[in-house]
Amino acid sequence: MKFEIIELANISDADIVWKKIVDETSYSWVWSTYAQYKFRISIFQASGRLVKDKSFILLQEGKSCGLAPLLFVKGVNFKGIQASYDLPLPWPMVADYVDDRIKTVDYLLDEIELRIKDAGVKMLQLMFSPP
Numbered sequence: 001m002k003f004e005i006i007e008l009a010n011i012s013d014a015d016i017v018w019k020k021i022v023d024e025t026s027y028s029w030v031w032s033t034y035a036q037y038k039f040r041i042s043i044f045q046a047s048g049r050l051v052k053d054k055s056f057i058l059l060q061e062g063k064s065c066g067l068a069p070l071l072f073v074k075g076v077n078f079k080g081i082q083a084s085y086d087l088p089l090p091w092p093m094v095a096d097y098v099d100d101r102i103k104t105v106d107y108l109l110d111e112i113e114l115r116i117k118d119a120g121v122k123m124l125q126l127m128f129s130p131p
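Quick note on the numbering used here: the sequence shown kicks off at 1 and runs consecutively.
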């Protein structure tokens, strides 16, 4: 399996790509929507807490197959940066058609770990919501 990572910010039709991935996985839930993602960004921007948006799309052989919402925000209960929606971030999503979903999720989680270490993030919150 050959993967490629694309920054969500570099995708002109990010909302369409996001919705396609969410529609192609049985592991999405209410917090997985593009509307929720944009809502959280606007709240964090308005409060001055948004540090960085590092959300990304995973491609396999040029086709979008995974998504990791990843917002870095100033912590509320501690001094530092956390990766969250103030609620847990949605678990990284992988399309149901991917052959080895566990390996793909592991790849996404490894990338998330690299990004949070590079940014000096002190806390990561994720929530897995099985179908």
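Glycine residues also receive a C-beta, built at the ideal position from the N, C-alpha and C atoms.
For V73, the uninterrupted beta strand (DSSP E) run begins and ends at 71 to 74, by DSSP.
Per DSSP, L87 is not a residue of any beta strand (DSSP E), being assigned neither H nor E.
DSSP lists no beta-bridge partner residue for I41. Taking the CA atoms as reference points, S47 sits about 10 Å from I41. Among the bridge pairs identified by DSSP, D53 is matched with L71.
Fewer than three beta-carbon pairs drawn from the region 111 to 129 and the region 93 to 103 are found closer than 8 Å, and the two stretches are therefore not classed as touching. Beta bridge pairing from DSSP links Q60 with F3, K63.
Rounded to the nearest angstrom, the gap between the Cα atoms of W29 and S55 is 17 Å. Shown here, V98 sits in coil according to DSSP, grouped into three states, outside any helix or strand.
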